[in-house]
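**Q**
Dropping the structure here:
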């Protein structure tokens, strides 16, 4: 695996331990020689992960819209920063550029991106691995919702084989 797309929060309003988890993941990717592809932001978990990957000698590619660049102050430390016009272009590039996907804690945008790659995997549009970093059990409700969907037969049980749920970004 040469690159991983990481989806996570751009919000700075979070408990400090989440920043530690993002830095740990960025450092772990760099140590393994895996390039980071992410949303291009300088703030929140995005910035923490990107700075740690870069500090560890890793390659960092950011993909951001002009609007978010203006709002989030895109991180100028990226090896490559692609600025696109729409969120749809951004999501497509994030999906295309990663050989796999990792989801750190986040909210609506992170969920949207996660479900997009999960549905694409279910439809056979890709066979790339998907991992949820359930740091601090943040994603327990999401995992429970997926299990609830399986129990009620709205979700196929095979989806369990598509997802890896890990407690930290080291795994």
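Residue numbers (our numbering): 10 to 180.
Note that CB positions come from ideal geometry on N, CA and C, so glycine has one too.
Using only the alpha-carbon positions, how far apart do residue 131 and residue 75 sit?
**A** Looking up residue 131 in the chain shown gives position 122. Looking up residue 75 in the chain shown gives position 66. Between residue 131 and residue 75, the C-alpha separation is close to 31 Å.
**Q** Going by C-alpha distance, which of 44, 62, 41 is nearest residue 51?
**A** As a first step, residue 51 must be located in the chain shown, where it is residue number 42. When each option's Cα is compared against that of residue 51, the closest is 62.
**Q** Look at residue 120 and residue 90 and say whether their C-beta atoms are less than 9 Å apart.
**A** Locating residue 120 in the chain shown gives position 111, counting from the first residue. Locating residue 90 in the chain shown gives position 81, counting from the first residue. It is not a contact, given that the beta carbons lie outside the stated cut-off.
**Q** Please tell me whether residue 115 and residue 12 are closer than 9 Å, where the distance is taken between their beta carbons.
**A** If you number the chain shown from 1, residue 115 lands on position 106. If you number the chain shown from 1, residue 12 lands on position 3. For residue 115 and residue 12, no; Cβs fall outside 9 Å.
**Q** Beta-carbon within less than 6 Å of residue 68's beta-carbon, same chain only, minus the 5 sequence neighbours each way: which residues are those?
**A** Mapped onto the chain shown, residue 68 falls at position 59. Answer for residue 68: 44, 88, listed in chain order.
**Q** Extract the residue ranges of the beta strand (DSSP E) inside the segment 121-145, only unbroken runs of 3 or more that lie entirely within it.
**A** Taking only runs of at least 3 residues, the beta strand (DSSP E) segments lying wholly in the segment 121-145 are 139-142.
**Q** Using CA atoms only, rank isn't needed, just tell me which of 110, 24, 86, 46 is closest to residue 128.
**A** Numbered from its first residue, the chain shown carries residue 128 at position 119. Minimum Cα distance to residue 128 is reached at 110.
**Q** Once you ignore the five residues that flank residue 14 on each side, which residues in its own chain have a CB closer than 6 Å to its CB?
**A** In the chain shown, residue 14 corresponds to position 5, counting from 1. 46, 103, 107, 110.
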